[in-house]
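Asks: Under UniProt numbering, residue 160 is the last one in the sequence shown; the count climbs by one each step, no gaps.
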Amino acid sequence: MRRLLMSAVFGVLLVAGCDRGSRPGNIDKPAPQFVMGDGTRTVDLSKLRGRVVVLNLWATWCAPCIEELPSLLALQKQMPELAIVAVSMDQDPDVYKRFLVEHHVDVLTVRDEDQKVNALYGTVQIPETYIIDKQGVLRRKFIGAQVWTSPEITSYLSKM
Numbered sequence: 001m002r003r004l005l006m007s008a009v010f011g012v013l014l015v016a017g018c019d020r021g022s023r024p025g026n027i028d029k030p031a032p033q034f035v036m037g038d039g040t041r042t043v044d045l046s047k048l049r050g051r052v053v054v055l056n057l058w059a060t061w062c063a064p065c066i067e068e069l070p071s072l073l074a075l076q077k078q079m080p081e082l083a084i085v086a087v088s089m090d091q092d093p094d095v096y097k098r099f100l101v102e103h104h105v106d107v108l109t110v111r112d113e114d115q116k117v118n119a120l121y122g123t124v125q126i127p128e129t130y131i132i133d134k135q136g137v138l139r140r141k142f143i144g145a146q147v148w149t150s151p152e153i154t155s156y157l158s159k160m
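1. Just to confirm, are isoleucine 143 and glutamine 115 a CB contact at a threshold of 7 Å?
2. Please look up how many angstroms separate the CB atoms of leucine 55 and isoleucine 132, rounded, as I've assumed it's under 8 Å.
3. Mapping the DSSP letters down to three states, classify residue 164 as helix, strand or coil.
4. Could you tell me if alanine 119 is buried or exposed, where buried requires 16 or more neighbouring beta carbons within 10 angstroms of its beta carbon?
5. Does the distance from the C-beta atom of valine 107 to that of isoleucine 84 stay below 7 Å?
6. Using a Cβ-Cβ cutoff of less than 8 Å, which residues in the same chain neighbour glutamate 67 once the five nearest sequence positions on both sides are dropped?
7. Closer than 7 Å, CB to CB, is aspartate 133 near chain C or not?
8. Which of the three DSSP states is assigned to isoleucine 153 in this structure?
Right, dumping it as structure tokens:
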């Protein structure tokens, strides 16, 4: 009985996003660097130093990811000085490419089929988005779908 209860508690914490990436100790520390290429594009996080980076971890099959996508694309148009980087964990390159075309995705995106970036950041639940300042320091983490053009978020980003 005790084992069953502990398994249930662990499962709830996992689904709720209680993971190593959400620990307060990761905030205000240098963001984990990566270079990720998928044969179509390459993202080198270190080359974005000097810009505020909105690092979004997502997938085409993730309903909350699709829900927040229009506001993420609108944020890039509203605040073009931001570097919005979307890292997809999709396995199928054709599904991924078709999704980008069908949804007019015009932010920098790359497919990470091995989920290396997710592991690097301790991501368990998607969508998960990290805000990295101009000096490359991780400042904030959002778990779940957001309205990226909300006054609260745009005000926060404009002050960085």
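Glycine residues also receive a C-beta, built at the ideal position from the N, C-alpha and C atoms.
On a predicted model such as this, the values are computed, not experimentally measured, just so you know.
Replies: Reading from the atomic positions:
1. In the sequence shown, the residue the question calls residue 143 occupies position 143. In the sequence shown, the residue the question calls residue 115 occupies position 115. The answer is no: Cβ separation not under 7 Å.
2. If you number the sequence shown from 1, residue 55 lands on position 55. If you number the sequence shown from 1, residue 132 lands on position 132. Confirmed, Cβ separation roughly 6 Å.
3. The shown model of the chain, from 1 to 160, leaves out residue 164, and the question about it has no answer.
4. Indexing the sequence shown from 1 puts residue 119 at position 119. Exposed, because fewer than 16 other Cβ atoms sit within 10 Å of the Cβ of alanine 119.
5. Start at 1 with the first residue of the sequence shown, and residue 107 comes out as number 107. Start at 1 with the first residue of the sequence shown, and residue 84 comes out as number 84. Here valine 107 is near isoleucine 84, since their CB atoms are less than 7 Å apart.
6. Within the sequence shown, the letter at position 67 stands for residue 67. If we look at glutamate 67 and ignore the five residues flanking it on each side, its Cβ neighbours are Ala145.
7. Here there is only one protein chain, and chain C is not present.
8. The count along the sequence shown starts at 1 and reaches residue 153 at position 153. In the structure shown, isoleucine 153 falls within a helical segment according to DSSP collapsed to helix, strand and coil.
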